[in-house]
């Protein structure tokens, strides 16, 4: 028997960041077919100063039934009263990875020291305008002791919906190396995925779903989050470059 609500068809508005979008894009239509409900999708960064950022959208009064974004950002939205803290559910585990242009020599980032040398040697560096980029520019460069040497050659890249993945700028040669969530790198054409940055400087990102405090479809939003968290979703989550939360 189908466990999802089939008594009526409804629209469920979702605000979602790029890192989990690949999973959502694959599983969303399955949920729609199974339930008869329709997902209304609005994309934006988890954090940052973009007018498209999810916190900015909610702060200016945009409505949604649920959000899917960086886990820490979800808890911050709960603190500000935009989402229900008890509803915050981890959907995926994420790492920051590095991309180079297809055909370029793959640099060594296997250790912190090798990674530091790669950053110093790079002619240009791209990072996102969302959670990973905020961490890279605000914390990681400083932690590695290279902030003064690399910030001048580093560029923040505006992400979807009006922008593009950092890896797309690497594919065109605008940035020699680029950093973003692994799930946002893997399926970009014209690049080589080098690998995750060293574990010593990984921030331990997660992606989470949460129900907004003004959701008009709270039960359906909860059902969709449960659908994304179900064991059957694991293969899709892993294929997207994320870890499945146990």
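Residue numbers (our numbering): 1 to 246.
Heads up, the beta-carbon is just placed ideally off N, CA and C, and yes, glycines get one too.
Assignment of beta-bridge partners to residue 196 by DSSP yields 97. Straight-line spacing of the CA atoms in residue 12 and residue 35 works out to 12 Å.
Beta-bridge analysis with DSSP links residue 127 to 156 and 179. Looking at the DSSP output, residue 43 bridges to 16. Under a 10 Å Cβ-count criterion, residue 8 is classified as exposed, with fewer than 16 other Cβ atoms of the shown protein chains found around its own Cβ. For the pair residue 160 and residue 84, the Cα-to-Cα distance works out to about 26 Å.
Proximity to residue 39 across 71, 240, 245 and 217 peaks at 217, based on C-alpha coordinates. Judged by beta-carbon spacing, residue 162 lies beyond the 8 Å limit of residue 18, meaning their Cβ atoms are not closer than that value. Note that the C-beta distance between residue 24 and residue 54 is not below 8 Å. Straight-line spacing of the CA atoms in residue 201 and residue 143 works out to 8 Å. Under the rule that a run must span 3 or more residues, the beta strand (DSSP E) segments found entirely inside the region 18-93 read 38-43 and 66-70.
In the DSSP assignment, residue 168 falls within the alpha helix (DSSP H) that extends over 166-171. With contact defined as three or more Cβ pairs closer than 8 Å, the region 207-215 and the region 105-125 are not in contact.
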